[in-house]
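K.L.:
Under this note's numbering, the first residue of the sequence shown is numbered 6, with each subsequent residue one higher. Idealized CB from N, CA, C, for every residue including glycine. Once you've had a glance at the structure underneath, I'll fire off some questions.
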Amino acid sequence: MNSDCLFCKIISKELPASIVFENDDIIIFNDINPRKPIHWLVVPKVHIENLNELSDKVLAGELLTIISTLAKEHGFAEQGYRVLINNKGDGGQEVDHLHLHILAGAPVGPIVCP
Ligand code: AMP
Ligand code: ZN
C-alpha cells in the first residue's frame, strides 16, 4: 500500500471503482476513460510501480491467466482483444502502479504512436 497511489486507494476501497473481478492478489476495474466498449485495468494488489519492478513469476502468470479466463467468460475471447502495458515515461504510463489495459468489444486497429 502506497498512500499516495491512486490505484492503492481503489484497492483499499478508499476510492470507488467499477469492479469487474477481485481475488486476494488482483483487482480488475473499468477504466474511468474507456477507449473501447470494454476497457479494463488489471491491477496487482501489491504496489508494484511498473513492469521493471515485477519479479514475482507466480503473480505475473496470474495476471495473464485471469485475462484469458475472463475474456472467455465475458464473451470477447473469440473476437479478440488487446492487452497493453504502458511503462514509465516513454511508455506513456500515467499511474505509477503496474496495470494491464484490456481493450475489447471493437477493433483496436494497428498500434499507433504519435
Ligand atoms: P496509464 O497511462 O497506462 O498509466 O493508464 C492509466 C489509466 O488509468 C488511464 O487509462 C486512465 O483513464 C485510468 N484512470 C485514471 N484514474 C482512474 C480511476 N479513478 N478509475 C479508473 N481508471 C482510472
Ligand atoms: Zn499503488
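(1) Could you tell me the boundaries of the beta strand (DSSP E) in which I16 lies?
(2) Considering Cα atoms alone, identify which of I107, L103, I31 is closest to L89.
(3) DSSP has R40 in a bridge; who is on the other side?
(4) Can you tell me whether DSSP reads K113 as helix, strand or coil?
(5) Sort L64, E67, H79, V51 by Cα distance to V25 and report the nearest one.
P.N.:
On the basis of the data shown:
(1) For the purposes of this step, residue 16 is identified with residue 11 of the sequence shown, where counting begins at 1. Careful: I16 lies outside any beta strand (DSSP E), inside the alpha helix (DSSP H) at 11-16.
(2) Stepping through the sequence shown from its first residue, residue 89 is reached at position 84. Comparing Cα-Cα distances from L89 to each of I107, L103, I31, the minimum goes to I107.
(3) Position 35 of the sequence shown, counting from 1, holds the residue named residue 40. R40 is not bridged to any residue.
(4) In the sequence shown, residue 113 corresponds to position 108, counting from 1. Sequence inspection shows Val at residue 113; the Lys mentioned does not correspond to that position. Three-state DSSP puts V113 in coil, outside helix and strand.
(5) Residue numbering aside, residue 25 sits at position 20 when the sequence shown is read from its first letter. Of all alpha-carbon atoms in L64, E67, H79, V51, the one lying nearest the alpha-carbon of V25 is that of H79.
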